[in-house]
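Worksheet: the structure to be examined is printed underneath.
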Amino acid sequence: MYIFLAVVVLLFLAWVFWGYFSVKNVETLSYKVLDDSKEYEIREYEDYIVAETEIEGGFSMASNKSFSILAGYIFGGNESKEKIAMTAPVLIDEESTLRTFSFVMPKKYTLESLPKPIDSRVKIRKISGKKVAAIRFRGIFSNNLFEKKKEELKKYLERDGIKYTNITSAGYNPPWTPPFMTRNEAWAIIKE
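Using our numbering, you'd call the opening residue of the sequence shown number 12 and step up by one each time.
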């Protein structure tokens, strides 16, 4: 019995360490915090570049399909056959059943220096700097969890008189990360 318990504890610790160290050196999109309330942060992001794809369908199906398409691009599915480092966050924007999934590109690239995708479903574009209101949450990312946090963020922003356009989800961790260690966010794009 003690051996079984020891094995379970060791496996759990290995999972936690793997979840921690697998994202420790991942480049993340930098921002400046303009205001930090108890419930959310107001941030300012500079311009950045994304590789994105649009998929119709439900959340799970669209997530799996779009991840495969974008991963194909960064793992060498481009004209240069160049591998591009994974960064965080992965952004998901949705309108009705059309979902846009975006991988943020490493800062070292420009629109001109990024290798051209060979898959026509992958689009490269520059996102202009913007201000966002962000709320963080933990747990296994799901559409239900995001919708709950999105409504929570809307309530805070309406209470504080902050106008926004749409709300995007931002995920920072690979799927094998322990749920209590994940970083997910809902971003409301603030109207200027």
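Where a beta carbon is used, it is the ideal one built from N, C-alpha and C, also for glycine.
Keep in mind it's a predicted model, so treat the numbers as computed, not measured.
query, result
"Is the Cβ-Cβ distance between Y175 and I200 less than 7 angstroms?", "yes"
"Suppose the cutoff is 7 angstroms on Cβ atoms and the five residues either side in sequence are ignored; what does the same chain contact list for I173 look like?", "A144 and I201"
"Do the segment 120-133 and the segment 81-90 make contact, defined as three or more Cβ pairs closer than 8 angstroms?", "yes"
"Where D58 and K43 are concerned, what is the direct C-alpha to C-alpha distance, given to the nearest angstrom?", "13 angstroms"
"Suppose only complete runs of 4+ residues qualify. What are the alpha helix (DSSP H) ranges in the segment 49-93, listed by chain order?", "70-85"
"Just the Cα atoms here: how many angstroms apart are E55 and S91?", "33 angstroms"
"Measuring alpha carbon to alpha carbon, tell me which residue in I95, F114 and R110 is nearest V101.", "F114"
"Excluding the 5 residues flanking Y60 on each side, which residues of the same chain have their C-beta closer than 8 angstroms to its C-beta?", "As written in the sequence, residue 60 is Ile, which differs from the Tyr given in the question. Cβ neighbours of I60 beyond the five flanking positions: V115, M116, Y120, T121, L122, L125, I135, R136, K137 and I138."
"On the criterion of 16 or more Cβ atoms from any shown chain inside 10 Å, does I14 qualify as buried, or is it exposed?", "exposed"
"Determine the contact status of E65 and T98, defining contact as a CB-CB distance below 7 angstroms.", "no"
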